[in-house]
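Novice: Here this note's numbering is used: position 10 in the sequence shown is 710, and no number is missing along the way.
If you scroll down you'll find the structure; I have some questions about it.
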Amino acid sequence: MERVQYWVKELLEAGESSDDLNRIVRNIGQYLGADISLLFLGSPPHKGQQWILHHGIDNSDFDFYLRHSRDDIYLQHYLGQSLTGNMIALQEMLPIKQIRDGWFLEEMIPRMDVDYSISGIYPLSDGKILSLCFHRYHQPFHPSCQQFMQQLLEALAPWGQFFIARNTLESLYGSAPISRGMLKLPDNLTQAEHNVVSLLAQGYDGSEITAIRGVSKETTKSQIKSILHKTGCRHQNQLINKIYCGFKE
Numbered sequence: 701m702e703r704v705q706y707w708v709k710e711l712l713e714a715g716e717s718s719d720d721l722n723r724i725v726r727n728i729g730q731y732l733g734a735d736i737s738l739l740f741l742g743s744p745p746h747k748g749q750q751w752i753l754h755h756g757i758d759n760s761d762f763d764f765y766l767r768h769s770r771d772d773i774y775l776q777h778y779l780g781q782s783l784t785g786n787m788i789a790l791q792e793m794l795p796i797k798q799i800r801d802g803w804f805l806e807e808m809i810p811r812m813d814v815d816y817s818i819s820g821i822y823p824l825s826d827g828k829i830l831s832l833c834f835h836r837y838h839q840p841f842h843p844s845c846q847q848f849m850q851q852l853l854e855a856l857a858p859w860g861q862f863f864i865a866r867n868t869l870e871s872l873y874g875s876a877p878i879s880r881g882m883l884k885l886p887d888n889l890t891q892a893e894h895n896v897v898s899l900l901a902q903g904y905d906g907s908e909i910t911a912i913r914g915v916s917k918e919t920t921k922s923q924i925k926s927i928l929h930k931t932g933c934r935h936q937n938q939l940i941n942k943i944y945c946g947f948k949e
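Rendered as structure tokens:
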């Protein structure tokens, strides 16, 4: 569970940065040995706003799947068998020899060209969903991967609720003060770096920030170094002075 908790913290710290979120999904997939990794959050396909993070699939194949997601026989079978909430090996759930849909066999399967897939959907509030999908082209996943994916799916549900709620609130009332209010920070800082700057501005030192955020000392050092570089500061005192005196445009 420690590894699962680590990824949840990473996603929390990434805020709404698409670059950081996609990087984390890439890292999760690499940890699992996946060739393709996808995280889907929001309204079901074609029914409202959604956020999709992915790695390992080119844009044309990705767009093709989104256009034809309603025709995904695996998805239809998964939902029809009331498997929601579970990470399932799709090719074991429904062997290809049992599929009778000609278009799916002739178009979808050759286009995606994956032999092993583990996917799951977790229901959130207000009709929203969280979905994880991991694919391998030719080699099966290690037996322990499916259990890890199940733990990850369940652990990410609260994050998914929070992500959607925060996005909804910010669309209505604007971003939090740390981003656009009292602390005037450069736009090139990630959400995690914003959080570190906020703690520095409150007087916490590196070791205290490490303890508060539950990350390693190396992570905190790396983030502070990145912040100093991005803000053009030589040391933390200069950074704090800039925060309250204002950054030059």
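Heads up, the beta-carbon is just placed ideally off N, CA and C, and yes, glycines get one too.
Exposed or buried, which one is residue 796 when buried takes at least 16 other CB atoms within 10 Å?
Specialist: In the sequence shown, residue 796 corresponds to position 96, counting from 1. Classification for residue 796: exposed.
Novice: If you pair each beta-carbon of the stretch 823-834 with each one of the stretch 706-724, do three or more pairs fall below 8 Å?
Specialist: no
Novice: What number of angstroms, rounded off, separates the C-alpha of residue 907 from the C-alpha of residue 916?
Specialist: For the purposes of this step, residue 907 is taken as residue 207 along the sequence shown, with counting starting at 1. For the purposes of this step, residue 916 is taken as residue 216 along the sequence shown, with counting starting at 1. Distance between the alpha carbons of residue 907 and residue 916 is about 9 Å.
Novice: If you measure between the beta carbons of residue 836 and residue 748, is that distance less than 8 Å?
Specialist: Your numbering for residue 836 matches position 136 in the sequence shown. Your numbering for residue 748 matches position 48 in the sequence shown. No, these two residues do not count as a Cβ contact at 8 Å.
Novice: Can you tell me whether DSSP reads residue 911 as helix, strand or coil?
Specialist: Reading the sequence shown from its first residue, position 211 is the one you call residue 911. Here residue 911 sits in helix by DSSP.
Novice: At what residues does the alpha helix (DSSP H) containing residue 773 begin and finish?
Specialist: Here the question's residue 773 lines up with position 73 in the sequence shown. Its alpha helix (DSSP H) spans residues 773-780.
Novice: When DSSP builds the beta bridges, which residues end up paired with residue 833?
Specialist: Your numbering for residue 833 matches position 133 in the sequence shown. In the DSSP output, where bridge partners are listed per residue, residue 833 has 738, 819.
Novice: Count the CB pairs spanning the stretch 775-789 and the stretch 747-765 that are closer than 8 Å, and state whether there are at least three.
Specialist: Proximity of the stretch 775-789 to the stretch 747-765 falls short of the contact definition, fewer than three beta-carbon pairs being nearer than 8 Å.
Novice: Taking 8 Å as the cut-off, decide whether the C-beta atoms of residue 774 and residue 753 are in contact.
Specialist: Taking the sequence shown and counting its residues from 1, one reaches residue 774 at position 74. Taking the sequence shown and counting its residues from 1, one reaches residue 753 at position 53. Not in contact: residue 774 and residue 753 (Cβ atoms no closer than 8 Å).
Novice: Who are residue 752's beta bridge partners in DSSP?
Specialist: Counting from 1 along the sequence shown, the entry for residue 752 is found at position 52. Answer is 740.
Novice: Report the residue from 723, 798, 936, 923 whose alpha carbon sits nearest the alpha carbon of residue 902.
Specialist: As a working mapping, residue 902 is identified with position 202 in the sequence shown. Residue 936 is the option with its Cα nearest to residue 902.
Novice: Which whole-angstrom value describes the C-beta separation of residue 900 and residue 939, a residue pair presumed to lie in contact below a C-beta threshold of 8 Å?
Specialist: Position 200 of the sequence shown, counting from 1, holds the residue named residue 900. Position 239 of the sequence shown, counting from 1, holds the residue named residue 939. Contact holds; Cβ gap of about 7 Å.
Novice: Could you tell me which of 705, 819, 932 sits nearest to residue 738, measuring between CA atoms?
Specialist: On the sequence shown, residue 738 is found 38 positions in, with the first residue counted as 1. Residue 738 has its Cα closest to that of 819, out of 705, 819, 932.
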